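**Student:** Line by line, the protein sequences are chains A and B.
Per the numbering used here, the very first residue in the first sequence carries number 2; after that it's consecutive.
Per the numbering used here, the very first residue in the second sequence carries number 3; after that it's consecutive.
Note that the Cβ used here is the ideal one computed from N, Cα and C, for glycine as well.
All values derive from a computational prediction rather than experimental measurement.
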Amino acid sequence: MKVFIDPPNSLILFDLVERFGHEPLGAMAVIQERIDNIELDMPPMNVTLDDVVKGLKYAGVEVPSGIRGRLALWGPLIDEADAAIIMEDPPFNFGCVGCERSNEMVKYLLRRRGIPLISVKYPENEEEAKVTVGRIKEFLEGLK
Amino acid sequence: MIKIAQLSCGTEYSSVQYEIEKAARSVGAKVVYPDVSYADVSEAVKRFGFNPRSQQLKLMIARAVQLADEKYDADAVFITTCFRCAEAALVRNELRRFIQDNTRLPVVTYSFTERLKASQLLTRMEALVTIVTRKDILARERQTGLTAGIDSGSSTTKALIMENNKIIGKDWTSSGDVVQSATAVLENAMKEAGVEFKQIEAIGVTGYGRFTLGKHFNAKLVQEELTVNSKGAVWLADRQRGEATILDIGGMDNKAITVRDGVPDNFTMGGICAGASGRFLEMTSKRLKIDIEDLGRLADKGNWRNAKMNSYCSVFGIQDLVTTLGEGKTFEDVAAAACHSVAEQVYEQQLQEIDVRHPIIQVGGTSLISGLVTAVGEVLGEKPIVPPNSQYIGAVGGALLSSGFL
Numbered sequence: 002m003k004v005f006i007d008p009p010n011s012l013i014l015f016d017l018v019e020r021f022g023h024e025p026l027g028a029m030a031v032i033q034e035r036i037d038n039i040e041l042d043m044p045p046m047n048v049t050l051d052d053v054v055k056g057l058k059y060a061g062v063e064v065p066s067g068i069r070g071r072l073a074l075w076g077p078l079i080d081e082a083d084a085a086i087i088m089e090d091p092p093f094n095f096g097c098v099g100c101e102r103s104n105e106m107v108k109y110l111l112r113r114r115g116i117p118l119i120s121v122k123y124p125e126n127e128e129e130a131k132v133t134v135g136r137i138k139e140f141l142e143g144l145k
Numbered sequence: 003m004i005k006i007a008q009l010s011c012g013t014e015y016s017s018v019q020y021e022i023e024k025a026a027r028s029v030g031a032k033v034v035y036p037d038v039s040y041a042d043v044s045e046a047v048k049r050f051g052f053n054p055r056s057q058q059l060k061l062m063i064a065r066a067v068q069l070a071d072e073k074y075d076a077d078a079v080f081i082t083t084c085f086r087c088a089e090a091a092l093v094r095n096e097l098r099r100f101i102q103d104n105t106r107l108p109v110v111t112y113s114f115t116e117r118l119k120a121s122q123l124l125t126r127m128e129a130l131v132t133i134v135t136r137k138d139i140l141a142r143e144r145q146t147g148l149t150a151g152i153d154s155g156s157s158t159t160k161a162l163i164m165e166n167n168k169i170i171g172k173d174w175t176s177s178g179d180v181v182q183s184a185t186a187v188l189e190n191a192m193k194e195a196g197v198e199f200k201q202i203e204a205i206g207v208t209g210y211g212r213f214t215l216g217k218h219f220n221a222k223l224v225q226e227e228l229t230v231n232s233k234g235a236v237w238l239a240d241r242q243r244g245e246a247t248i249l250d251i252g253g254m255d256n257k258a259i260t261v262r263d264g265v266p267d268n269f270t271m272g273g274i275c276a277g278a279s280g281r282f283l284e285m286t287s288k289r290l291k292i293d294i295e296d297l298g299r300l301a302d303k304g305n306w307r308n309a310k311m312n313s314y315c316s317v318f319g320i321q322d323l324v325t326t327l328g329e330g331k332t333f334e335d336v337a338a339a340a341c342h343s344v345a346e347q348v349y350e351q352q353l354q355e356i357d358v359r360h361p362i363i364q365v366g367g368t369s370l371i372s373g374l375v376t377a378v379g380e381v382l383g384e385k386p387i388v389p390p391n392s393q394y395i396g397a398v399g400g401a402l403l404s405s406g407f408l
């Protein structure tokens with residue numbers, strides 16, 4: 002199954018989803034595709050004006066451009082997802098998209114889809130980390 | 003190469019990063035990003051005292067702290083975030099203040115939309131570079147020799163001749179063809195001064211048409227209007243020493259510049275909406291069928307409180323005006339309300355982005371509209387100084403600074 006991970010650039014979540022036999026939907030593939038395949042020079046992400054305009058599908062014109070640009074990347078993945086894992090309040094070295102408003106909207110869009118979803122709190126110590134990984138494992142194994 | 007440190011949030015997702023770097027390159031500068039480690043971020047946020055939820059804003063704060071602690075070397079700072087983001091707007095403004103309190107680096111702030119083009123940033127980037135690279139020229143307080151200044155603005159073109167620190171000829175006209183308008187006013191100014199073109203030792207050009215005019219007249223100085231205007235303003239107001247704020251409500255955009263000993267150290271340049279510019283007063287006077295010169299005098303006799311006009315948009319502003327006139331309000335009250343509306347918006351949109359220093363020197367063509375000066379005084383709680391020849395600031399600055407090349 003296709004599992005959306007939030008934060009979308011979390012390597013740990015990406016790895017966990019892959020280990021338990023599912024296809025992770027995260028930022029890496031989307032951004033890699035842009036950097037490798039699109040013949041334009043709009044560094045560092047190759048997000049274009051067209052992308053930001055496409056973001057209007059997910060948020061209105063009065064929403065800041067940085068949010069619409071992010072939603073233009075993650076929005077189609079959310080539409081495609083069969084399930085999702087959300088890590089709440091992670092520090093930014095765990096993975097982040099930089100903007101709290103975008104984070105909120107991504108979580109809302111996932112919940113609105115009504116797909117199987119697990120929301121876990123970022124663990125503060127090793128014990129909590131074991132519990133968190135256990136819960137994610139259980140969730141992924143339960144997906145059919 | 004001048005290094006402009008970029009402190010930003012959202013540029014890479016808004017398709018504008020390329021435009022920012024292009025604007026910097028075109029004025030001979032390079033955009034750099036102060037290095038921070040992961041550990042620096044939480045420490046910096048704690049020290050700064052504002053803990054935003056967005057991680058990229060935390061990174062901005064950490065980069066600012068690196069600059070303040072001189073752990074990263076840059077010549078100027080560009081702080082930019084998405085237009086309409088409240089959290090980013092709070093951080094952007096407080097970081098600007100933080101940089102100014104802790105460094106001597108010139109700073110400019112900007113809120114962008116996805117439509118941002120390099121040309122919109124050009125004047126701001128150029129001013130940052132000028133402040134860094136031309137400190138010696140900007141420090142010039144006296145004009146020497148025989149020089150000319152031309153200011154090719156969006157509404158009017160002005161030319162002025164100076165000799166040994168005195169204005170000896172000047173003229174202005176509405177802007178049409180850039181070269182033709184400038185040639186006409188320069189010829190008239192030379193006629194008044196009794197000099198010929200070949201006698202002029204140096205020319206300084208500024209304003210929107212500066213690059214075209216620079217080539218055409220082989221000007222010694224081709225410089226953006228932010229720094230040139232501020233020099234002209236302090237010279238005209240005889241405030242070359244100490245601090246001041248220069249307010250120039252233009253035909254197309256507005257500038258608010260703070261200076262220390264005549265050298266600009268911070269500025270804001272606005273113009274998202276014509277409702278806050280001289281253009282709105284032009285539209286008002288057309289609707290009232292009076293000359294714009296008379297609008298100020300009329301406004302001085304009216305009371306803005308009697309007429310409602312406080313829209314951020316010139317179209318809605320004119321709608322307010324039509325409704326107000328329909329209600330039978332006097333022309334005087336309507337003129338006063340129009341002036342108050344522009345002053346209020348300049349205050350709300352621009353003067354919030356700089357720390358206003360005293361005295362306030364109001365310049366540019368709109369400073370001749372007395373009602374607007376009165377309105378600015380009321381809004382700011384201090385009557386601005388309007389120096390003689392206040393509409394010629396750019397031309398005076400051009401003549402003054404170009405004499406530095408003799």
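Closest to B/GLY400 by CA distance: which of B/ILE133, B/VAL207 and B/ARG86 is it?
**Tutor:** B/VAL207
**Student:** From the DSSP output, in three-state form, read off B/ILE356 for me.
**Tutor:** coil
**Student:** So with Cβ pairs under 8 Å, would you call A/GLY22 a contact of chain B?
**Tutor:** no
**Student:** Please tell me whether B/ASN308 and B/ILE169 are closer than 8 Å, where the distance is taken between their beta carbons.
**Tutor:** no
**Student:** Can you tell me whether A/PRO92 is helix, strand or coil according to DSSP?
**Tutor:** coil
**Student:** Can you list, in chain order, the residues of its chain with a C-beta nearer than 7 Å to that of B/CYS3? Leave out the 5 residues immediately preceding and following it.
**Tutor:** With the sequence shown as reference, residue 3 of chain B is identified as Met, and Cys is not the correct amino acid for it. Only GLY30, ALA31 and LYS32 meet the Cβ criterion.
**Student:** For the alpha helix (DSSP H) holding A/ILE137, just list the boundary residues, first then last.
**Tutor:** 127 to 143
**Student:** Measure the beta-carbon distance from B/GLU384 to B/ILE362 and round it to whole angstroms, keeping in mind my assumption that it falls under 8 Å.
**Tutor:** 6 Å
**Student:** Could you check whether the Cβ of B/TYR15 sits closer than 8 Å to any Cβ belonging to chain A?
**Tutor:** yes
**Student:** For A/PHE93, return the contacting residues in chain B, with the cut-off set at a CB-CB distance below 9 Å.
**Tutor:** Those within 9 Å of A/PHE93 in chain B are TYR40, VAL43, GLN57, GLN58, LYS60 and LEU61.
**Student:** Report the CB separation of B/THR132 from B/GLU226 in whole angstroms; it is logged as a contact under 8 Å.
**Tutor:** 7 Å
**Student:** Do A/GLU142 and A/PHE21 have their C-beta atoms closer together than 8 Å?
**Tutor:** yes
**Student:** Give me whichever residues DSSP pairs with B/ALA91 in a beta bridge.
**Tutor:** In the DSSP output, where bridge partners are listed per residue, B/ALA91 has none listed.
**Student:** Specify whether the stretch 99 to 117 of chain B and the stretch 80 to 88 of chain A touch according to this definition: at least 3 beta carbon pairs, one from each stretch, less than 8 Å apart.
**Tutor:** Pairwise C-beta distances place the stretch 99 to 117 of chain B out of contact with the stretch 80 to 88 of chain A, as fewer than three of them are shorter than 8 Å.
**Student:** How many angstroms separate the CA atom of B/GLY209 from the CA atom of B/VAL378?
**Tutor:** 24 Å
**Student:** Is the Cβ of A/LYS133 closer than 8 Å to any Cβ of chain B?
**Tutor:** Note on residue identity: the sequence assigns Thr, not Lys, to residue 133 of chain A. No - not a single Cβ of chain B is within 8 Å of the one on A/THR133.
**Student:** Are the beta-carbon atoms belonging to B/ARG136 and B/ALA246 less than 8 Å from one another?
**Tutor:** no
**Student:** For B/ILE395, which residues from the same chain have a beta carbon less than 6 Å from its beta carbon, with the 5 sequence-adjacent residues on both sides left out?
**Tutor:** ASN231, GLY234, ALA235 and VAL365
**Student:** State the beta-bridge partners of B/GLY272 as determined by DSSP.
**Tutor:** Answer by DSSP bridge pairing, in chain order: B/ASN256.
**Student:** Are the C-beta of B/ARG86 and some C-beta of chain A separated by less than 8 Å?
**Tutor:** yes
**Student:** Please report how far the alpha carbon of B/CYS87 lies from the alpha carbon of B/ARG106, in whole angstroms.
**Tutor:** Whole-angstrom Cα-Cα distance: 28 Å.
**Student:** Can you list, in chain order, the residues of its chain with a C-beta nearer than 6 Å to that of B/ALA25? Leave out the 5 residues immediately preceding and following it.
**Tutor:** ALA120, LEU123, LEU124 and MET127
**Student:** Which residue wins for smallest C-alpha separation from A/VAL98, given the options A/VAL4, A/MET2 and A/ASN10?
**Tutor:** A/ASN10
**Student:** Any chance you could list the alpha helix (DSSP H) runs of at least 4 consecutive residues sitting entirely within the stretch 287 to 329 of chain B, in chain order?
**Tutor:** With a minimum length of 4 residues, the continuous alpha helix (DSSP H) runs that stay inside the stretch 287 to 329 of chain B are 294 to 303 and 316 to 328.
**Student:** Helix or strand or just coil, what does DSSP make of B/GLY206?
**Tutor:** In the structure shown, B/GLY206 sits in a strand (DSSP, three-state: E or B).
**Student:** Would you verify that the beta carbon of A/PRO65 is, or is not, closer than 8 Å to some beta carbon of chain B?
**Tutor:** A/PRO65 counts as touching chain B.
**Student:** Buried or exposed for B/SER287, please, with buried defined as at least 16 other CB atoms from any protein chain shown within 10 angstroms of its CB.
**Tutor:** buried
**Student:** Within a Cβ cutoff of 7 Å, which residues of the same chain sit near B/MET62, ignoring the five residues on either side of it in sequence?
**Tutor:** Only LEU9, SER10, CYS11, VAL93 and LEU97 meet the Cβ criterion.
**Student:** Just to make sure I have the definition right: I need the residues of chain A whose C-beta is within less than 7 Å of the C-beta of B/THR410. Which are they?
**Tutor:** Shown here, chain B extends from 3 to 408; a query on residue 410 of chain B therefore has no answer.
**Student:** What distance in whole Å lies between the Cβ atoms of B/GLU21 and B/SER56, which are believed to be in contact at a cut-off of 8 Å?
**Tutor:** Contact doesn't hold; Cβ gap of about 22 Å is too wide.
**Student:** Answer with buried or exposed for B/ASP153, where buried requires no fewer than 16 other C-beta atoms within 10 angstroms of its C-beta.
**Tutor:** buried
**Student:** Distance check for B/LEU402 and B/TYR422, CA to CA, integer angstroms please.
**Tutor:** The structure shown does not extend to residue 422 of chain B, since chain B is modelled only from 3 to 408, so the question has no answer here.
**Student:** B/LEU454 by DSSP, collapsed to three states: which one?
**Tutor:** A query on residue 454 of chain B cannot be resolved here, the shown segment of chain B reaching from 3 to 408 and no further.
**Student:** Going by other Cβ atoms of all chains shown within 10 Å of its Cβ, with 16 needed for buried, is A/SER66 buried or exposed?
**Tutor:** Burial call: buried.
**Student:** Mapping the DSSP letters down to three states, classify A/ARG71 as helix, strand or coil.
**Tutor:** Helix, per DSSP.
**Student:** Could you name the residues that DSSP lists as bridge partners for B/THR169?
**Tutor:** Per the sequence presented here, residue 169 of chain B reads as Ile, with Thr not at that position. B/MET164, per the DSSP bridge assignment.
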